[in-house]
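Q: Protein chains in written order, with the working numbering: chain L, 125 to 233; chain W, 3 to 114. Positions of the beta carbon are idealized from the N, C-alpha and C atoms, including for glycine.
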Amino acid sequence: TQLLEQSPQFLSIQEGENLTVYCNSSSVFSSLQWYRQEPGEGPVLLVTVVTGGEVKKLKRLTFQFGDARKDSSLHITAAQPGDTGLYLCAGSWGEKLTFGTGTRLTIIP
Amino acid sequence: AAGVIQSPRHLIKEKRETATLKCYPIPRHDTVYWYQQGPGQDPQFLISFYEKMQSDKGSIPDRFSAQQFSDYHSELNMSSLELGDSALYFCASSLVGKTEAFFGQGTRLTVV
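1. Let me know the secondary structure DSSP gives residue 78 of chain W once reduced to three states.
2. If you count every other CB in all the chains shown that lies within 10 Å of the CB of residue 55 of chain W, and 16 or more means buried, which is it?
3. Find out if the Cβ-Cβ distance for the pair residue 165 of chain L, residue 39 of chain W is shorter than 7 Å.
4. Using a beta-carbon distance cut-off of less than 9 Å, what residues from the region 101-114 of chain W approach chain L?
5. I'd like the list of long-range same chain contacts for residue 233 of chain L, defined as Cβ closer than 7 Å, with 5 residues on each side in sequence excluded.
6. Which of helix, strand or coil does DSSP assign to residue 58 of chain W?
7. Grab me the residues of residue 32 of chain W's own chain with a C-beta within less than 7 Å of its C-beta, minus the 5 sequence neighbours each way, in chain order.
8. Closest to residue 10 of chain W by CA distance: which of W:78, W:114, W:84 is it?
9. Output the boundary residues of the beta strand (DSSP E) element that contains residue 148 of chain L.
10. So with Cβ pairs under 7 Å, would you call residue 44 of chain W a contact of chain L?
11. Would the region 11-26 of chain W count as touching the region 83-96 of chain W if we require 3 or more Cβ pairs under 8 Å?
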């Protein structure tokens, strides 16, 4: 069973601060996705990373895939209240998508 | 752009009843996944289908079954419902060879 550990599990910071969320596994992924989920809604895909060492930027969000393709990080710059939500990483092995344990982020205005 | 459609959005059933959840994937997507998400938990993989055949199986109870039809829509059938089955059930679809999965808005099942 492939396990994805996310840290921190909960994070509450002030608007304007920076933060980093981590996603780690002992297994090598074929690809990794980051999703954001609002309460009662389905996860929304933010980004997919495929290549070891890959860095992708989405406005204030920076995603990095580890060189060994076992870990990933999400960095948010100048966090805004609209960034509040549950952030999930998900690793692909074949046709199965396995989710991480999630990071519940709260941005305080 | 068309998204993944799930129905119903909300469902209330009594213990020991049956329920059927439906999922209509994004057009031309050939792979469907089902996930269960309990309160405060991350989504747990139940089962997936590719080209109408079961492709992978996760923590799906024996009381549940699913299938994918010729038009690629999928149905999750749940029997002998238990209180613990109350959860959000998500369907996602993807295109084989592509790593991204796109999720529907989910069906909230409440068993009373």
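A: With the given structure in hand:
1. strand
2. exposed
3. no
4. 101, 102, 103, 104, 105, 106, 107, 108, 110
5. 139, 205
6. strand
7. 52, 53, 74, 97, 98
8. W:78
9. 143-148
10. yes
11. yes
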